[in-house]
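Reviewing the structure listed below.
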Amino acid sequence: MTRSSRRIRLSSLAVGLLLLVSAGLVTASPAPAETAVLPVTVTKTSSFTGLVNGSTVSVHVDAQSPPNATPSSIFSIDGRICLASAVINNTADFDPIPGGNCAGHPFNAQSDALVQVPVDPPNKVGDLSFRVGVGTDTYDNGGTPVTITCGPANPCKLVLELLVPSGFVFTSFPLGYAGGATVPGAPTGVAAVAGTASAAVSWTAPASNGGAAIDGYTATASPGGQTCSWTTGPLSCTVAGLANGTPYTFTVLAHNTIGNGPASSASNSVIPTASGNYFHPVSPVRVLDSRSATQVGPYNSPWGFGTVRDVAVGGVSGIPVDAAAVVLNVTVTDTTLASFLTLYPAGQSRPTASNLNWTPGRTIPNAVTVKLGAGGLNSGKLSVFNLSGGVNVIIDVAGYYQAGAGDGFTSQPPSRLLDSRSATQVGPYNSPWGFGTVRDVVVGGASGVPADADAVVLNVTVTDTTLPSFLTLYPAGQSRPTASNLNWSPGLTIPNAVTVKLGTGGLNAGKVSVFNLSGGVNVIIDVAGYYKPGAGLSFHPLDPARVLDSRSATQVGAYNSPWGFVTTRGVAVGGLVGVPLTADSVVVNTTVTNTSLPSFLTVWPEGVGRPNASSLNWAPGVTIPNAVTVKLGTSGRLSMFNLSGNVDVITDVAGYFQ
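Going by my numbering, the first residue of the sequence shown is number 2, and it counts up by one from there.
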C-alpha cells in the first residue's frame with residue numbers, strides 16, 4: 002500500500018476522531034500528543050492519566066510551513082493506539098505488517114483520525130481530541146489483522162504521525178489507565194416470554210460490574226439480531242419486530258464506562274404469536290345428535306368404518322362463524338367395535354391424535370377443545386373421523402374462543418370442591434344424587450375461584466353408578482338444557498372435564514346446578530381453573546398433536562413402558578408441538594389403555610406436591626379418555642401419577658394459555 006493511498010482511506014476499528022475544519026482551525030476527538038520536530042509543535046491540552054474506556058484526550062498542533070512548501074502542499078495528521086513498547090516507524094508499526102504493534106481504538110469500530118489541509122497559508126493551528134479505549138482490539142490493515150490489548154496491566158500509547166512537505170514526523174504520549182477497572186461480567190438467568198411479534202426479556206445482574214457502575218444492558222434476538230436496551234428500572238426490556246411463528250432465543254450483555262461485557266448464555270426459546278383468543282361461555286347447547294330418534298343437526302345415522310363427516314359449529318346457536326376454537330362435550334354411544342374419534346379443523350389433514358377412545362358397547366363422553374376450520378366452505382366447521390365399527394355421536398357446545406374482548410383464564414393446581422361419598426365427604430353433600438335429582442354446588446368464592454368468575458373448568462367424576470344415566474351441569478338459576486356432560490352404564494366410574502358458566506344474580510351467583518337423570522350416583526368435582534372478564538390469559542389453539550404414547554409399538558415421548566404401581570413420571574410439553582416453554586398452562590387430551598387394575602391418574606404441574614385430586618378414573622380392561630386443563634410446571638413439564646396396576650398413557654395437545 003502506498004503512502005498516498007493510505008492517506009485517503011478510512012480503516013475500521015481505529016481511533017475515533019471528531020473534527021471540525023473552519024477558518025484554518027482543525028478540531029477532532031480521540032488521542033494524546035506532546036512535542037514534535039519542527040516545523041510541527043504538538044502539546045497536550047488534557048490529562049493522559051486515570052483513563053477509562055471512552056475517555057477523551059486532547060492535543061494542540063501548531064504546524065509551520067517549511068521553506069519548500071507550495072500552495073498545493075498538504076499537511077495531515079493520523080493517530081493510532083500502539084503498544085507502549087513499540088518502536089514506531091512507518092513500515093513496521095504505524096502501517097502494520099504481520100506482527101505490527103499499532104491498532105485502532107479498542108472496542109469501538111471508529112475510523113482513523115485523519116486531517117488533511119493545504120499548507121497555504123503558511124501557519125496551521127488546530128486542536129484535536131481523541132477517544133481512547135481499554136481492552137482487546139483487532140485492526141485490519143488491508144486484510145492483515147493486528148491485535149493489541151490495552152489496560153492497566155498492558156501499557157499503550159497514542160502515536161501521531163504528522164505529514165508535512167518535508168516528510169513524516171512521529172510523536173507519542175503514554176496512556177495511563179485507571180487501575181483495575183474492567184468490563185462487567187455476563188448477566189445470568191435470562192428468560193423470555195413471547196408476545197405478539199415481540200418478546201419480553203428479563204435477566205439478573207452479573208456477579209461483577211468490573212469496578213464501574215453498569216449504565217446499560219442490551220438484549221439481542223437470535224435469529225434476526227433485533228435488540229432492546231435498558232438504562233433504568235427493573236432488569237427487563239421488550240424486543241419488538243419479531244416474526245410470529247418463529248422460535249427465538251435471546252442473549253444480554255452489560256455495559257459500563259469501560260465498555261461492553263460478554264454476552265450471557267441464551268435464554269429459553271419462545272415463539273411470538275398473533276394476539277390470543279378469549280373465552281365466551283354459553284349455556285350448554287346441543288349442535289349434533291346422529292341418533293335418528295333424537296336427531297339434531299344434519300345426520301341421522303351412525304358414523305361408519307373410516308367415516309369423516311363435517312359438522313358446522315360456527316354460525317350455529319350463537320357461536321360466531323369466525324370463532325377461533327370451541328369447547329365441546331362429545332359423547333359416543335351405540336358403539337359396535339373398539340375405535341376412536343378424532344375432531345380437527347375442517348379443511349386440514351387429519352392429525353395423529355384422538356379425542357375419544359372406547360371398547361364396544363360403551364357410552365363414553367369427553368370434553369374437546371378444538372380449532373374451527375377457516376376460509377370458504379370450511380369456516381366454522383369441524384371434521385369428525387371414526388376409525389372402526391359404527392357409532393352415534395352427540396356434541397354439545399359449552400363456549401368458544403375469539404380474538405378481542407372476552408374472559409381470560411387463570412389456572413390453578415387441581416383442588417377438590419365436592420365429594421358426595423360419605424366416607425370421603427367434601428362439600429355440603431354426603432349422599433348420592435338420586436333419580437331426577439338437581440343439586441346446586443357453590444363454585445364462585447370456593448377453592449380459589451373468585452366470586453365474580455364467569456365460568457370454571459372442572460374435572461367431574463361419577464362413581465357408584467346403579468343405572469344407565471347422565472349428568473348435566475349448567476348455570477344455577479337457568480332452565481336445564483338438552484345437553485349432557487357425563488354418560489354411563491351401571492357399575493362404571495367415569496370422569497370428564499366440564500367447562501361451565503356460573504350462575505349470576507342473588508342466590509344463584511357463583512353456583513352450578515348438577516342434574517342426574519336416573520338411578521343413584523356419587524359425584525366428585527375438582528377445580529382446575531376459572532374464566533373472568535378483564536383478567537387472566539388468552540388461549541392459543543393448536544392443531545391436535547401427540548406428545549406422549551407409552552405403548553412400545555407406537556412410542557411417542559420419553560417412555561415405552563406402562564406406568565406401574567404408585568408411579569410418577571415427568572412429561573415434557575412446553576417446547577413441543579408449538580407450545581412455548583413460557584406457556585402457563587395447556588389443554589391436553591389424556592387417554593389410558595391396557596389398564597390392569599382399578600386405579601386413577603393425577604396430572605399436575607411438575608415441581609409442586611401432588612394434589613388430592615384425580616384426572617382419570619377406570620376399571621380394569623377399560624380404555625378411557627379425559628380432557629385435562631393443567632398448569633405447566635418446571636421447564637414446561639407435567640407430572641403424572643398412577644395409583645395401582647399397570648397402565649399405558651397417551652397425551653395429545655389441543656392448545657395453551659399464555
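Glycine included, each C-beta is placed from N, C-alpha and C at the ideal position.
From this set, L644, S636, V631, G646, which residue's C-alpha is nearest Y657's C-alpha?
Numbered from its first residue, the sequence shown carries residue 657 at position 656. Just measuring C-alpha positions, the residue of L644, S636, V631, G646 sitting nearest Y657 is V631.
For D413, I'd like the list of residues in its chain whose CB is within less than 6 Å of its CB, leaving aside the five on either flank, ordered along the chain.
Taking the sequence shown and counting its residues from 1, one reaches residue 413 at position 412. Looking at the sequence provided, one finds Gln at residue 413 rather than Asp. Only G449, G530 meet the Cβ criterion.
At which residues does the beta strand (DSSP E) containing T652 begin and terminate?
As a first step, residue 652 must be located in the sequence shown, where it is residue number 651. Taken as a continuous stretch (DSSP letters only), the beta strand (DSSP E) holding T652 covers 649-658.
For the beta strand (DSSP E) holding W359, just list the boundary residues, first then last.
Sequence index remark: in the sequence shown, residue 359 carries index 358 (1-based). That run of the beta strand (DSSP E) goes 357-359.
Hey, how far is the Cα of S56 from the Cα of V133?
Here the question's residue 56 lines up with position 55 in the sequence shown. Here the question's residue 133 lines up with position 132 in the sequence shown. When only Cα atoms are considered, S56 and V133 end up about 6 Å apart.
Could you tell me the distance, in whole angstroms, from the CA atom of N590 to the CA atom of R292?
Counting from one through the sequence shown, the residue named residue 590 turns up at place 589. Counting from one through the sequence shown, the residue named residue 292 turns up at place 291. A direct Cα-Cα distance of roughly 25 Å separates N590 from R292.
Roughly how many angstroms separate the alpha carbons of T569 and F642, rounded to a whole number?
Residue 569 sits at position 568 when you count from the first residue of the sequence shown. Residue 642 sits at position 641 when you count from the first residue of the sequence shown. Between T569 and F642, the C-alpha separation is close to 4 Å.
Counting pairs of Cβ atoms below 8 Å between the region 465-475 and the region 511-523, do you hit three or more?
When C-beta atoms of the region 465-475 are compared with those of the region 511-523, three or more pairs fall below 8 Å, so the two segments count as touching.
Give me the Cβ distance between A620 and L418, rounded to the nearest whole Å; I'm assuming they're in contact under 8 Å.
In the sequence shown, counting from the first residue as 1, residue 620 sits at position 619. In the sequence shown, counting from the first residue as 1, residue 418 sits at position 417. At roughly 24 Å, the Cβ-Cβ gap does not stay under 8 Å, so A620 and L418 are not in contact.
Do D290 and I395 count as a contact pair if the criterion is CB distance below 8 Å?
By 1-based counting over the sequence shown, the position of residue 395 is 394. By 1-based counting over the sequence shown, the position of residue 290 is 289. Yes. Within cutoff.
Suppose contacts are defined by Cβ-Cβ distances below 8 Å. Is A201 in contact with T239 by that definition?
To locate residue 201, count along the sequence shown from 1; it is residue 200. To locate residue 239, count along the sequence shown from 1; it is residue 238. In this structure, T239 lies closer than 8 Å to A201 by Cβ.
Comparing alpha-carbon positions, which option in A339, W359, N379, R363 lies nearest A347?
Along the sequence shown, read from residue 1 onward, the residue named residue 347 stands at position 346. Selected option, being the one with the closest Cα: N379.
To the nearest angstrom, report how far apart V654 and A498 are at their CA atoms.
Against the sequence shown, residue 654 aligns to sequence position 653. Against the sequence shown, residue 498 aligns to sequence position 497. Looking at the two C-alpha atoms, the distance is approximately 15 Å.
Under three-state DSSP, which class holds N509?
Here residue 509 is taken as the residue at index 508 of the sequence shown, counted from 1. For N509, the three-state secondary structure derived from DSSP is helix.
Could you name each continuous beta strand (DSSP E) segment of 3 residues or more that falls completely within the region 452-484, going from the start of the chain to the end?
Listed in chain order, they are 456-464, 470-476.
For W304: DSSP bridge partner residues
By 1-based counting over the sequence shown, the position of residue 304 is 303. The partner list for W304 (beta bridge, DSSP) reads V392.
Where L243 falls: helix, strand or coil (DSSP):
Taking the sequence shown and counting its residues from 1, one reaches residue 243 at position 242. In the structure shown, L243 falls within a coil segment according to DSSP collapsed to helix, strand and coil.
What does DSSP give as the partner residue(s) for T334 in the beta ladder?
As a working mapping, residue 334 is identified with position 333 in the sequence shown. In the DSSP output, where bridge partners are listed per residue, T334 has N393.
Coil, strand or helix - N523 by DSSP:
Reading the sequence shown from its first residue, position 522 is the one you call residue 523. Correct three-state label for N523: strand.
Distance between W359 and T336 (C-alpha atoms, nearest Å)
As a position in the sequence shown, residue 336 is number 335, starting the count at 1. As a position in the sequence shown, residue 359 is number 358, starting the count at 1. Between T336 and W359, the C-alpha separation is close to 8 Å.
Could you check what DSSP says for N618 in three-state terms: helix, strand or coil?
For the purposes of this step, residue 618 is taken as the residue at position 617 of the sequence shown. Of the three classes helix, strand and coil, the one that applies to N618 here is strand, per DSSP.
Should the region 295-315 be regarded as contacting the region 371-388, the criterion being three or more beta carbon pairs within less than 8 Å?
Short answer: they touch.
According to DSSP, is S645 part of a helix, a strand, or is it coil?
Locating residue 645 in the sequence shown gives position 644, counting from the first residue. Secondary structure of S645 (DSSP, three-state): coil.
Same chain, Cβ closer than 6 Å to V385, neighbours up to 5 away in sequence not counted
Along the sequence shown, read from residue 1 onward, the residue named residue 385 stands at position 384. So the list reads R310, V312, L344, once near-sequence residues are dropped.
By Cβ distance, which residues of its chain are closer than 6 Å to T462, with the 5 residues on each side in sequence left out?
Position 461 of the sequence shown holds residue 462. Taken in chain order, the residues that qualify are P496, I525, N618.
Cβ contact check for the region 319-334 and the region 349-368: 3 or more pairs under 8 Å:
Yes, they touch.
Can you have a look at A628 and say buried or exposed, based on whether 16 or more other CB atoms are within 10 angstroms of its CB?
Locating residue 628 in the sequence shown gives position 627, where the first residue counts as 1. Buried: at least 16 other Cβ atoms inside 10 Å.
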